[in-house]
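Quick note: the sequence shown uses my numbering, first residue 722, plus one each step. Glycine included, each C-beta is placed from N, C-alpha and C at the ideal position. This structure is a prediction, so every number in the text was calculated from the model and none was measured.
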Amino acid sequence: MKIEKTIKMTINKCSFFAYFFTFFTFFASAQVYGPEKVLRGTFETVDSQGKNGDGGAGENIYPLLDASKLGVYYQPAQTVFYNNSLKEVAINPKVTIGRPLTATAGSTTSYKWGLTENWYSGFANTLPDKSKNNSWQITPHAPNNGYYVVATSTNGMYNLPSLSDKAWPVVLYDRYETDFTTPRNYFMVVNADQDPTKIFYSQAVDVESGQAYRMGLDLAQLNGTGIAPSVALVINSDPTKLSTVKATKTITMSKVGVWENTYFDYVVPCGVNKVYIAFRNNVNGGNGNDLALDNLSMKSIIPQIKTLSKDCTKCTYTLTVSSPDAFPDASYLFQWQKKNGNTFSDIYGATKNTYTASTAGVYRLSVYTKTTKNCRMYSNEITLTKISNCLEVVVPVAKDDSYTVLAATDLGGNIITNDAPGNRGASLKVVEYEVNGVKYAAGTTAKINKNSVLVGTITLNQDGTFLFRSVPGLTAPFTVPDITYVIAESSAGQASAKVKITIIAKVVTSITVSSEASCTLCPIKVSMSGTGMSEGTNYSLYRGTVKKGTFNTAYKLEFTEGTSGTFTYAIKDETGNEVKTFSMTVHPAAATWKTNSATTEWADSTNWESSTGKGAPIWCTDVTISEDASTYPVLKAGDACRDITFKNGASVGQIQLLLYRKAFVELTPDRNRWYMLSDPLRYMYSADYHGDMSWPNAVSPKIFMMYFNVGNSQNPDGRTGYVVGDFSTPFSKLEENLPTAKGFALWVNGKANGMNYADTNFPTGTPYKFPRRLVDGRDVTYSYHDKTSGAWLTQVAPLNRGDEASIPNDSVWTVGHNNLTNKQKNNRYRFVFEESYSNGVSTVGVAAGTTNIVGNPFMSHIDFAKFAEDNADSMYGYYRIWDGSKFYAYISSGSSEVWSGLGGLSSETTAESLSQFIPPMQSFFVETKPGKKSLVFKPQNISVAKAGAGVELRSSNQALADVLYLGLNFNKIQSKTILAARKGASLKYIAGEDIRKMFSPGTDVPEIYTIANETEALEINLFGNSDQSITIPIGIRTTKTGKAIITIKGIEAFAAYSDVILIDKLQKKEYDLRKTSSVSFDKTSSKNLEDRFSIQLTAKSTSGIEDETSDGEITITSANGIRIESAHFELERVELFDVMGRMVFRKDKIHNTTYLIDEGVLEKGFYLLKADTSQGSKSFKIIL
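1) Against chain D, does P1338 count as a neighbour if the rule is that its beta carbon must be under 7 Å from one of theirs?
2) What is the DSSP secondary structure of Q752, reduced to helix, strand or coil?
3) Which residues in the same chain as E1556 place their Cβ atom closer than 7 Å to its Cβ, once the five residues preceding and following it in sequence are excluded?
4) Could you give the C-beta distance for S1217 and V1207, rounded to a whole number, given that I count them as a contact under 8 Å?
5) For a test of the three-state rule: what should DSSP assign to F1658, helix, strand or coil?
6) Helix or strand or just coil, what does DSSP make of S1304?
7) Quick check: the Cα distance between N1172 and E1155, rounded to an integer number of angstroms?
8) Give me, in chain order, the residues of the same chain whose beta-carbon lies closer than 8 Å to that of S1655; leave out the 5 immediate sequence neighbours on both sides.
9) Using three-state DSSP, classify Q1749 as helix, strand or coil.
10) To the nearest whole angstrom, what separates the beta carbons of N1729 and K1697, a pair I think is in contact under 8 Å?
11) If you draw a straight line from the C-alpha of I1583 to the C-alpha of S1372, how long is it?
12) Hey, would you say Y1611 sits closer than 7 Å to S1621, going by beta carbons?
13) Three-state secondary structure (DSSP) at T961?
14) Using the beta-carbon count (16 or more within 10 Å), is Y1069 buried or exposed?
15) What three-state label does DSSP hand Q942 in the structure shown?
16) First and last residue of the alpha helix (DSSP H) that includes K1908?
17) Using C-beta distances below 8 Å, list every residue in its chain close to T1138, excluding the 5 sequence neighbours before and after it, in chain order.
18) Mind checking which residues open and close the beta strand (DSSP E) that includes V988?
19) Assuming R1097 and K1020 form a contact by the criterion Cβ under 8 Å, report the distance between their Cβ atoms to the nearest whole angstrom.
20) N1074 by DSSP, collapsed to three states: which one?
21) What number of angstroms, rounded off, separates the C-alpha of L760 from the C-alpha of L1132?
22) Taking the alpha-carbon of V1151 as reference, which of T1352, W1603, E1834, T1180 has the nearest alpha-carbon?
23) With three or more beta-carbon pairs closer than 8 Å as the criterion, would you say the region 1688-1708 touches the region 1754-1772?
24) Going by beta-carbon coordinates alone, are Q1025 and V1267 separated by less than 7 Å?
25) If you follow the alpha helix (DSSP H) that N1734 is part of, which residue opens it and which one closes it?
26) Does the region 1311-1322 touch the region 1340-1359, meaning 3 or more C-beta pairs lie closer than 8 Å?
27) What is the rounded straight-line gap between the Cα of G1598 and the Cα of V1800?
28) Since F1658 and P1578 are thought to touch, with beta carbons under 8 Å apart, how far apart are those beta carbons, to the nearest angstrom?
29) My understanding is that G947 touches G1009, with C-beta atoms under 8 Å, so please give their C-beta distance in whole angstroms.
30) Who does R896 pair with in a DSSP beta bridge?
31) Among F1272, L943, K1870, T1752, which one has its Cα closest to the Cα of R1813?
32) Per DSSP, which one or two residues make a beta bridge with P1754?
33) Over the uninterrupted beta strand (DSSP E) stretch that includes K1094, give me the two end residues.
34) Could you tell me the distance, in whole angstroms, from the CA atom of R1549 to the CA atom of S1399?
35) With a cut-off of 8 Å on the beta carbons, I'd call P1641 and P1401 a contact; round off their distance for me.
36) Pull up the distance between the alpha-carbon of K1891 and that of P1754, whole angstroms please.
Written out as structure tokens, the structure is:
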């Protein structure tokens, strides 16, 4: 079946728009109506523009429109398949097709939603399939017979069967459309079915008995020839009769492309509560009968009393119904009533639509027909009050409203918010409004014209809300004609005011956004600035679809986020348009340094983990530096946090650069051992390492502390005294202050036998947490206690913890974190180095010319090589530590010329050799030079972050040239002393060249050392590598007796002297240490051993090679190299090996009794030469 043909109609553009904008008043009288009963009678408004039908969005748009796959609104296809090729059709690409009526519950239709169901072959107007260009699907742009679509325009709706067919003769838009380029309002486009009983639209409606309803719609004819559309309006209580019952109202259209309005009134019979409404065709389709429907409506008509006039001479007041034409006398009966008590009674004889009252009281009007007297409808109530000789009605106060709106922008608001009722608490409603001299009922839409040209539309509702929509292209500023509205007050009178609207130019907005970096759950501040912006409160901030807040009048906004990361935010204006997008990072409120962090960058978010998402710390983040991380952060200027917690062993390089509020430090000690410590925080006392037995679930082990001093001890063998690293008697004083770099030794006790204090509540692995606090966060009070029972004895007086009242709380920190005062930093939560830190240096006083204990004042590692450089004029370039039993020394690389190449040399005997890097909270010993009384700590030079076991400069198993390691194993205790041959070194003790042995307090610990000047016990002994043979005495200090072993290492790389002999004077034995690596002996005396053992080093021969022969067979001499001579047999092969056993030279197939290795082939050193003849092999030791 073909869609009917149409003829072309030429319409002058100007005359067309004038013709098109001729409107017909629907509900023209200023009557009060109830709520709309028809569902989706205006067919809604576009909420998003769709893509073109052949633009690839959606499926099966043509030939059938599949509502289940319609995610947005779609436009008609622009491309058809014509003569085996694609052809563009000139249509309006902004026209959109909306959802079907069946998408709204309650509304039904007999028509099909779409364009056609039939598939034709050979016709031109077809759209190719997505995957094929030879599809022959029929795709008209207008509905076929029996079909409808909901659309914003008929623009581009062509008919079949060929592309040569013409469009409908007029392009039609919604009656209240204001934008014809991008139309937004929908209406129903119908191609009438040949069956006239089919219903365009029907719906069940709940009604009130006796109530009058006004039913109406807008219609427009689309076809210029053929059958003119004729529509029947039907209302009936029986749904089966809607297609056959006689029409309640019929309209036959005669004007093409013009919206026409029709309506009729209907009074519900008594006892009826539901009716069915329908709009159907009166004539057959198939040859014309193409039409558009819109604004289907059914509303109750509410009688409204209006005060007409008063006469004070007669003390009367005349009342009337507001719109008499809504209730004509020929159809309706009237009865005025007056309230008596709580009920209304009829006023005898008051049966007209006007009534003149002569007494005060509450009045109302009942309206009914001859058949609905028992189910009347009633007007509002109105109260007349007698004042002097006049009857008066209280009236509300209505005030004018003024608005400005951007061109082509919707304007919404409420006009009664500034109005006031005459009676306090009474309600107000809009009953009518007037535009261009025409009155409209509240709740309806009106066009606004100026100089006979449409400038916009307005919908004004009874609750005062309105929507104004201007047409595009108005020249701003543009003053819209005034809109006069009338408000009515319950039980009172009416008042009127004007709505004034000015359209202003849409200024190109330029917006700059600034934001303050913040954290989750903290205030995030965003501000706007720029040009062309409207009021600040018209802008809102969104992340995705979630609204974060509205800007204030100063264009500022505060909000919070629960998730951290970098997000995109959008600022939208009051119409929902995005005016600015920007990216902002929300940092975590708490973050932990990953144990597998990849870099040392504090600001690298991949190094941190947080329960709220991603992000690196800033000033509002509480951070935790993990234990046993693979790398630790090294700070840069600007790195910050709020509070920082260091887990046991954690480190942060360049710690002086950190912006922070509070620091917390954890230390996890083992039991039954000494620690060398220094304090990390200010205002710490010895009590903080104590443990109060009254603490619930936080009872620490017993601890003792010692301070260090250097003393001399008389040598039992009569020599001068030893240098002894002495400590104070272990003390338990709780009030001892621990300032910057104050080093001390701390003993952590195990639970002693016979002690019943409950330190099992503080098991091994429980960390000390500094500053010390109770579980509930309160400060700690300390007391002395009984060593057996743990009972309190005497409480310690309050300890000075600085300006605790000045510690910034969260709000103070948020505002002033960049500008903390000295007073705000003067507390126990700050790093201890800040006590003496000035101009990048922390200066610490020491005793001159002796050994001092100092502490690492930073929560970072100290690079001792850099520390030694910074203090080269004040100290020697080595440090010591004490393990609770013995002292060990470590030499810094490059600290002196004579120590060149010895960097990392240490007398440590454990598997973990001392390191160039001293960890946080570690104290250590340094030897100051004469007259030097201070040391400097420059964190910019020395503060580094190290982790793991790979921080050592050199491990103990790496061989150094010409260095001998003498060890002592005695009663399972090991000790080590070092001898090193260096050019220019003296055999005598010289400070800065040799390092004295520092003995542990007491005499039980077995220790080995060398002796210089017959008086100086040395831990590291440097001597020259001259041609002279030397003897170096060895001492062993201990009162213990038993079996012992002297060991030697490094002999394979010791080439400074040819022979290394250990001499035991008591046993009168000599041991070639190149042939043996250990010597056992018995110590039977409790005295120290200083005359028993010595090392004898034999110098090289003058020629460099000592003549050696074997049974006169082979001779080695030095003459212009190394000459090898065989007395009887030819040499076959010569090989040389270095001290590490590596072959460094080889010559085969000599076949001569003499062979010369030229000078320069080998470097100086110790070698093993092997010469082979046909009779065997001979080996020789040679030194070059």
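Well, looking at it:
1) Among the protein chains of the structure shown there is no chain D, as only one such chain exists.
2) Counting from 1 along the sequence shown, the entry for residue 752 is found at position 31. Correct three-state label for Q752: coil.
3) Position 835 of the sequence shown, counted from the start, is the residue given in the question as residue 1556. If we look at E1556 and ignore the five residues flanking it on each side, its Cβ neighbours are R1403, P1460, T1461.
4) Within the sequence shown, the letter at position 496 stands for residue 1217. Within the sequence shown, the letter at position 486 stands for residue 1207. The Cβ separation is near 5 Å, so the contact holds.
5) Taking the sequence shown and counting its residues from 1, the one referred to as residue 1658 is at position 937. Residue state, collapsed to three classes: strand.
6) Looking up residue 1304 in the sequence shown gives position 583. Reduced to three states, the DSSP call for S1304 is strand.
7) To locate residue 1172, count along the sequence shown from 1; it is residue 451. To locate residue 1155, count along the sequence shown from 1; it is residue 434. Each residue's Cα considered, the two are about 17 Å apart.
8) Locating residue 1655 in the sequence shown gives position 934, where the first residue counts as 1. Around S1655: T1564, V1565, G1566, V1567, S1595.
9) One-based indexing of the sequence shown puts residue 1749 at position 1028. Q1749: coil per DSSP, three-state reduction.
10) Along the sequence shown, one-based indexing puts residue 1729 at 1008. Along the sequence shown, one-based indexing puts residue 1697 at 976. One detail in the question is off: residue 1729 reads as Ile in this sequence, not Asn. That belief holds up - the Cβ atoms of I1729 and K1697 are roughly 7 Å apart, short of 8 Å.
11) What you label residue 1583 is simply residue 862 of the sequence shown in a count that begins at 1. What you label residue 1372 is simply residue 651 of the sequence shown in a count that begins at 1. Cα to Cα, the separation comes out at about 10 Å.
12) In the sequence shown, residue 1611 corresponds to position 890, counting from 1. In the sequence shown, residue 1621 corresponds to position 900, counting from 1. No, the pair does not count as a contact, with Cβ atoms beyond the cut-off.
13) Taking the sequence shown and counting its residues from 1, one reaches residue 961 at position 240. In the three-state DSSP reduction, T961 falls in the helix class (H, G or I).
14) Here the question's residue 1069 lines up with position 348 in the sequence shown. Answer is exposed; the Cβ neighbour count stays below 16.
15) Counting from one through the sequence shown, the residue named residue 942 turns up at place 221. The answer is strand: DSSP assigns Q942 an E or B state.
16) Since the displayed the chain opens at 722 and closes at 1905, residue 1908 lies outside it and no answer follows.
17) Within the sequence shown, the letter at position 417 stands for residue 1138. Result list for T1138: G1185, in chain order.
18) For the purposes of this step, residue 988 is identified with residue 267 of the sequence shown, where counting begins at 1. Here the beta strand (DSSP E) through V988 covers 981-988.
19) Here residue 1097 refers to the residue found at position 376 of the sequence shown. Here residue 1020 refers to the residue found at position 299 of the sequence shown. At roughly 19 Å, the Cβ-Cβ gap does not stay under 8 Å, so R1097 and K1020 are not in contact.
20) Looking up residue 1074 in the sequence shown gives position 353. Correct three-state label for N1074: coil.
21) Taking the sequence shown and counting its residues from 1, the one referred to as residue 760 is at position 39. Taking the sequence shown and counting its residues from 1, the one referred to as residue 1132 is at position 411. Going from the Cα of L760 to the Cα of L1132 covers about 25 Å.
22) If you number the sequence shown from 1, residue 1151 lands on position 430. Checked all of T1352, W1603, E1834, T1180; the closest Cα to V1151 is T1180.
23) Yes: at least three Cβ pairs fall under 8 Å.
24) The sequence position of residue 1025 within the sequence shown is 304, counting from 1. The sequence position of residue 1267 within the sequence shown is 546, counting from 1. Contact: no.
25) What you label residue 1734 is simply residue 1013 of the sequence shown in a count that begins at 1. No alpha helix (DSSP H) holds N1734; DSSP gives it neither H nor E.
26) yes
27) Looking up residue 1598 in the sequence shown gives position 877. Looking up residue 1800 in the sequence shown gives position 1079. If you take the alpha carbons of G1598 and V1800, they lie about 33 Å apart.
28) In the sequence shown, the residue the question calls residue 1658 occupies position 937. In the sequence shown, the residue the question calls residue 1578 occupies position 857. With a contact defined as Cβ atoms closer than 8 Å, F1658 and P1578 qualify at about 6 Å.
29) The residue given as residue 947 occupies position 226 in the sequence shown. The residue given as residue 1009 occupies position 288 in the sequence shown. Right, their Cβ atoms sit about 2 Å apart.
30) As a first step, residue 896 must be located in the sequence shown, where it is residue number 175. According to DSSP, which records beta bridges pairwise, R896 is partnered with nothing at all.
31) To locate residue 1813, count along the sequence shown from 1; it is residue 1092. The option with the nearest alpha carbon to R1813 is T1752.
32) Mapped onto the sequence shown, residue 1754 falls at position 1033. Paired residues: S1815.
33) For the purposes of this step, residue 1094 is taken as residue 373 along the sequence shown, with counting starting at 1. Careful: K1094 lies outside any beta strand (DSSP E) and carries neither H nor E.
34) The residue labelled residue 1549 in the question sits at position 828 within the sequence shown. The residue labelled residue 1399 in the question sits at position 678 within the sequence shown. One C-alpha to the other measures close to 15 Å.
35) The sequence position of residue 1641 within the sequence shown is 920, counting from 1. The sequence position of residue 1401 within the sequence shown is 680, counting from 1. Yes, they are in contact, since the Cβ atoms of P1641 and P1401 sit about 6 Å apart, within 8 Å.
36) Start at 1 with the first residue of the sequence shown, and residue 1891 comes out as number 1170. Start at 1 with the first residue of the sequence shown, and residue 1754 comes out as number 1033. Rounded to whole angstroms, the gap between the alpha carbons of K1891 and P1754 is 35 Å.
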